[in-house]
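Undergrad: Quick one: the structure is below, questions incoming.
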Amino acid sequence: MMRNFWLSFVTVSVFVLTLVTINSVIILNVLANASVKSVEGRVQVTVYFTSDSSEGTVKNVQGYLLGLSQVKEVSYVKAEEALATFQIIHQNDPVILAALDEVNGNPFGQALKIRAYNASDFPFILEALETPEYKPFIKEKNYDNYESALKVLSDFSEKVRLGFLILALFFGFIAVLIVFNTIRVAIYVHREEIGIMKLVGANDWFVRGPFLCESIFYALIATGIMAGIIAATLSFANPYIVAFFQGVDVDLVAYYSANAVPLFGAQFGILAFLGLGTTAFAMRRYLRV
Amino acid sequence: MTEGAINERVARAIILCMITFKNVTKEYPPKTHALAGVSFRIEAGEFVSITGQSGSGKSTIAKLIFAEEKLTSGHIHIGDWDISNVRHSDIPILRRQIGVVFQDFKLLPKKTAFENVAFALEVAGESNKRIREVVPHVLKIVGLGEKGGRYPRQLSGGEQQRVSIARALVHRPKIIVADEPTGNLDAITAREIIELFTRINDFGTTIVLVTHDRDIVNGLHRRVITLRDGKVASDAEKGKYLLA
Numbered sequence: 058m059m060r061n062f063w064l065s066f067v068t069v070s071v072f073v074l075t076l077v078t079i080n081s082v083i084i085l086n087v088l089a090n091a092s093v094k095s096v097e098g099r100v101q102v103t104v105y106f107t108s109d110s111s112e113g114t115v116k117n118v119q120g121y122l123l124g125l126s127q128v129k130e131v132s133y134v135k136a137e138e139a140l141a142t143f144q145i146i147h148q149n150d151p152v153i154l155a156a157l158d159e160v161n162g163n164p165f166g167q168a169l170k171i172r173a174y175n176a177s178d179f180p181f182i183l184e185a186l187e188t189p190e191y192k193p194f195i196k197e198k199n200y201d202n203y204e205s206a207l208k209v210l211s212d213f214s215e216k217v218r219l220g221f222l223i224l225a226l227f228f229g230f231i232a233v234l235i236v237f238n239t240i241r242v243a244i245y246v247h248r249e250e251i252g253i254m255k256l257v258g259a260n261d262w263f264v265r266g267p268f269l270c271e272s273i274f275y276a277l278i279a280t281g282i283m284a285g286i287i288a289a290t291l292s293f294a295n296p297y298i299v300a301f302f303q304g305v306d307v308d309l310v311a312y313y314s315a316n317a318v319p320l321f322g323a324q325f326g327i328l329a330f331l332g333l334g335t336t337a338f339a340m341r342r343y344l345r346v
Numbered sequence: 003m004t005e006g007a008i009n010e011r012v013a014r015a016i017i018l019c020m021i022t023f024k025n026v027t028k029e030y031p032p033k034t035h036a037l038a039g040v041s042f043r044i045e046a047g048e049f050v051s052i053t054g055q056s057g058s059g060k061s062t063i064a065k066l067i068f069a070e071e072k073l074t075s076g077h078i079h080i081g082d083w084d085i086s087n088v089r090h091s092d093i094p095i096l097r098r099q100i101g102v103v104f105q106d107f108k109l110l111p112k113k114t115a116f117e118n119v120a121f122a123l124e125v126a127g128e129s130n131k132r133i134r135e136v137v138p139h140v141l142k143i144v145g146l147g148e149k150g151g152r153y154p155r156q157l158s159g160g161e162q163q164r165v166s167i168a169r170a171l172v173h174r175p176k177i178i179v180a181d182e183p184t185g186n187l188d189a190i191t192a193r194e195i196i197e198l199f200t201r202i203n204d205f206g207t208t209i210v211l212v213t214h215d216r217d218i219v220n221g222l223h224r225r226v227i228t229l230r231d232g233k234v235a236s237d238a239e240k241g242k243y244l245l246a
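Each protein sequence line maps, in turn, to chains C and V. With the numbering used here as the guide, the letters of the first sequence map in order to residues 58 to 346. With the numbering used here as the guide, the letters of the second sequence map in order to residues 3 to 246.
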């Protein structure tokens with residue numbers, strides 16, 4: 058390896074660049090998932106009941122909804138509480154408060170606020186309220202629509218992920234070309250030694266083994282460097298990332314610590330696979346043993 | 003079959019170490035006949051010189067014996083083993099049974115004399131313990147007992163050729179094929195190298211010496227096979243170098 062220092066250096070560098078893009082995809086994935094989860098957690102449906110509905114009826118509906126496996130939480134809101142909350146929210150909006158004054162009494166009825174385990178379950182939950190038993194008491198179902206925000210977030214992260222994956226493939230391709238060339242040059246440089254090995258009775262694996270080991274070694278070094286880069290970058294940037302995603306549970310250091318072995322094991326595996334495959338191909342092409 | 007078992011089988015097959023060429027032809031495309039119907043038999047323990055002008059096919063014979071080239075037609079036997087169509091995977095095993103010495107020594111410049119000789123055992127998977135035992139002994143046989151730690155550039159041409167011979171000997175082969183081993187050496191050193199080969203031959207090792215050096219051939223008083231245009235021109239016991 059040291060005999061072709063610059064070739065080895067370039068090979069390891071491109072391997073590292075490939076891993077940088079792969080890790081960018083991983084980090085982006087973690088951040089996007091945490092953000093989506095956070096937004097999804099805020100999605101709720103408010104069901105308003107008619108003013109003639111009794112508290113018992115509303116509590117019955119609450120019990121019915123809690124019986125559904127998709128429902129995470131159902132909270133009961135009294136009419137007075139709904140009015141008070143509305144007034145607090147709009148305390149700086151005199152037009153709305155004036156309009157409220159013109160309405161005689163409390164325009165709000167009792168309500169149930171529903172949270173689901175999964176935002177995609179809301180259509181099913183809303184459909185479940187269409188039973189003849191409860192439908193007459195329901196005045197309105199208000200779906201706080203975060204769907205468009207979620208879609209924008211998902212689409213954006215998906216596009217960035219795709220971009221990074223294409224970049225990773227590009228670097229992977231460059232890595233293959235460079236490994237191929239490195240092995241080709243190594244075979245050329247060592248041709249005399251290889252010839253002598255063959256003449257004194259070395260078998261195929263004795264000749265090919267060092268080249269295969271070399272490609273695994275490159276993969277190992279690149280993975281080690283990448284682990285170092287991740288450790289250094291995250292220890293510096295993690296507090297800023299946590300601060301930026303306020304309220305969202307993102308701790309990349311904890312994520313990498315918990316998944317270090319499978320993550321870097323897989324990255325080493327990818328590089329080793331690329332390296333071994335390319336080396337085998339280069340040897341098939343240039344190494345006559 | 004394990005490599006060890008194959009080695010043993012091959013060792014048994016060539017224990018008699020006769021080399022038989024039967025009507026061997028070697029062509030290089032498009033129409034160069036390096037050998038054309040060459041037949042001869044070399045008995046176990048013989049010292050045979052193969053001579054001829056450049057291009058007569060003598061080096062091709064050496065290359066065919068250690069399977070660096072494949073013959074076009076005919077048969078080559080080493081002992082009981084027909085190596086005419088030797089399998090690729092058997093070539094290393096064959097080469098561990100035949101010591102080969104070249105004109106240009108073919109030593110690894112970044113290895114010492116000891117390491118160059120040891121290398122031949124390493125590729126065969128010998129243990130370090132055995133390497134440490136055998137290599138100094140072989141270096142002593144070729145007269146380099148004190149120079150094992152030197153690199154090829156620190157040795158004279160004759161000494162480098164001795165290292166090469168030690169490497170060929172280290173497997174204790176039944177046959178040594180030497181292709182122009184004195185081509186790069188002065189007359190006195192060349193004579194010393196040939197003396198070394200005769201001593202090795204005295205221990206029962208078959209020597210096939212490919213050379214065009216008239217003095218060496220004439221000084222040996224051993225069997226001489228002379229090639230001309232890829233054919234055997236003469237095959238004489240205690241022969242002389244024939245003028246082309």
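Where is the CB? At the ideal position from N, CA and C, for every residue including glycine. In this text, all values refer to a predicted model and were calculated from it rather than measured experimentally.
Would you list the residues sitting across from SER110(C) in a DSSP beta bridge?
TA: Paired residues: none, contrary to the question.
Undergrad: Using DSSP with H/G/I as helix, E/B as strand and the rest coil, what is ASP204(V)?
TA: It is helical.
Undergrad: Taking only runs that begin and end inside the segment 167-204 of chain C, name each unbroken alpha helix (DSSP H) of 4 or more residues, in chain order.
TA: Complete alpha helix (DSSP H) runs here, min 4: 179-185.
Undergrad: Which same chain residues, not among the five before or five after LEU198(V), have their C-beta less than 8 Å away from its C-beta?
TA: The answer, listed in chain order, is VAL144, GLY145, ARG164, ILE167.
Undergrad: With 8 Å as the threshold, decide whether the Cβ of LYS108(V) is near any Cβ in chain C.
TA: Chain C, which has a Cβ nearer than 8 Å to the Cβ of LYS108(V), makes this yes.
Undergrad: Quick check on PHE42(V): does DSSP put it in helix, strand or coil?
TA: Looking at PHE42(V) - three-state DSSP - the assignment turns out to be strand.
Undergrad: From VAL183(V) to ARG225(V), what distance separates their C-alpha atoms?
TA: Inspection of the sequence shows that residue 183(V) is occupied by Pro rather than by Val. Whole-angstrom Cα-Cα distance: 18 Å.
Undergrad: Identify which residue in VAL119(V), VAL136(V), LYS240(V), ILE227(V) has its Cα closest to the Cα of GLY54(V).
TA: Here the closest residue by C-alpha is ILE227(V).
Undergrad: Is LYS233(V) helix, strand or coil when you go by DSSP?
TA: Three-state DSSP puts LYS233(V) in a strand.
Undergrad: Which residues, in order along the segment 250-264 of chain C, keep a beta-carbon less than 7 Å from a beta-carbon of chain V?
TA: Hits within the stretch, in order: GLU250, ILE253, MET254, LEU256, VAL257, GLY258, ALA259, ASN260, PHE263.
Undergrad: Nearest chain C C-beta to ALA64(V) closer than 8 Å, yes or no?
TA: Judged by the 8 Å Cβ criterion, ALA64(V) is not in contact with chain C.
Undergrad: Starting from the N-terminal side, write out each stretch of the beta strand (DSSP E) that is 3 residues or longer and does not extend beyond the segment 51-115 of chain V.
TA: Entirely contained in the segment 51-115 of chain V, the beta strand (DSSP E) runs reaching 3 residues are, in chain order, 75-80, 100-104.
Undergrad: With distance defined between alpha-carbon atoms, name the residue in GLY59(V), GLY47(V), PHE49(V), PHE23(V) nearest to LYS233(V).
TA: For LYS233(V), the nearest C-alpha among the options comes from GLY59(V).
Undergrad: Are the beta-carbon atoms belonging to LEU141(V) and GLY151(V) less than 8 Å from one another?
TA: Cβ atoms of LEU141(V) and GLY151(V): not closer than 8 Å.
Undergrad: Counting only beta-carbon separations shorter than 8 Å, does ARG225(V) have a partner in chain B?
TA: The displayed structure is made up of protein chains C and V, and chain B is not among them.
Undergrad: Can you give me the start and stop residues for the alpha helix (DSSP H) that ASN130(V) sits inside?
TA: ASN130(V) -> alpha helix (DSSP H) spans 130-143.
Undergrad: Of all the CB atoms in chain C, is at least one closer than 8 Å to the CB of VAL88(V)?
TA: Answer no: the Cβ-Cβ gap between VAL88(V) and chain C never drops below 8 Å.
Undergrad: Rounding to the nearest angstrom, what Cα-Cα distance links MET58(C) and GLU271(C) in this structure?
TA: Interpretation of MET58(C) is limited by its pLDDT of 48, a score under 50 that renders its predicted location unreliable; the figure taken from the coordinates is listed afterwards. Going by the C-alpha atoms only, they are around 7 Å apart.
Undergrad: Do ASP181(V) and ALA64(V) count as a contact pair if the criterion is CB distance below 8 Å?
TA: Their beta carbons are under 8 Å apart, which means ALA64(V) touches ASP181(V) by this criterion.
Undergrad: Need the endpoints of the beta strand (DSSP E) that SER132(C) sits in, please.
TA: It spans 128-134 - the beta strand (DSSP E) in which SER132(C) sits, taken as one unbroken run.
Undergrad: Give me the chain C residues within the contact set of PHE121(V), using Cβ-Cβ distance strictly less than 7 Å, ordered along the chain.
TA: Chain C residues near PHE121(V): VAL257.
Undergrad: Output yes or no for whether 8 Å exceeds the beta carbon distance between ALA276(C) and PHE230(C).
TA: No.
Undergrad: Does ARG152(V) come within less than 8 Å of chain C when only Cβ atoms are used?
TA: It does not; no Cβ of chain C falls within 8 Å.
Undergrad: Excluding the five sequence neighbours on either side, which residues of its own chain have a C-beta within less than 7 Å of the C-beta of LEU224(C), listed in chain order?
TA: Result list for LEU224(C): THR78, in chain order.
Undergrad: Per DSSP, which residues does GLU161(V) bridge with? Please list them.
TA: DSSP lists no partner for GLU161(V).
Undergrad: DSSP puts HIS35(V) in a beta bridge; with which residues?
TA: Beta-bridge pairing links HIS35(V) to GLU29(V).
Undergrad: Could you list the residues in the segment 163-184 of chain V with a C-beta less than 8 Å from some C-beta on chain C, going in chain order?
TA: Within the segment 163-184 of chain V, the qualifying residues are ARG169, HIS173.
Undergrad: Taking Cβ positions only, does VAL210(V) come closer than 8 Å to chain C?
TA: Output row for VAL210(V): interface = no.
Undergrad: Under three-state DSSP, which class holds THR78(C)?
TA: Of the three classes helix, strand and coil, the one that applies to THR78(C) here is helix, per DSSP.
Undergrad: Given a threshold of 16 other Cβ atoms within 10 Å of its Cβ, counted over all protein chains shown, does TYR30(V) qualify as buried or as exposed?
TA: Classification for TYR30(V): exposed.
Undergrad: Measuring CB to CB, does PHE42(V) end up less than 8 Å from PHE23(V)?
TA: Result yes, Cβ atoms of PHE42(V) and PHE23(V) sit closer than 8 Å.
Undergrad: Taking 8 Å as the limit between beta carbons, can you name the residues of its chain near ASN61(C), skipping five residues before and five after?
TA: Excluding positions up to five away in sequence, the list reads THR239, VAL242, ALA243, VAL246.
Undergrad: Measure the C-alpha to C-alpha separation of GLY101(V) and THR208(V) and round it to an integer number of angstroms.
TA: Their Cα atoms are separated by approximately 10 Å.
Undergrad: Please state whether the Cβ-Cβ distance between ALA170(V) and VAL103(V) is less than 8 Å.
TA: Yes, these two residues count as a Cβ contact at 8 Å.
Undergrad: According to DSSP, is ASP306(C) part of a helix, a strand, or is it coil?
TA: In the structure shown, ASP306(C) sits in coil (DSSP, three-state: anything other than H, G, I, E or B).
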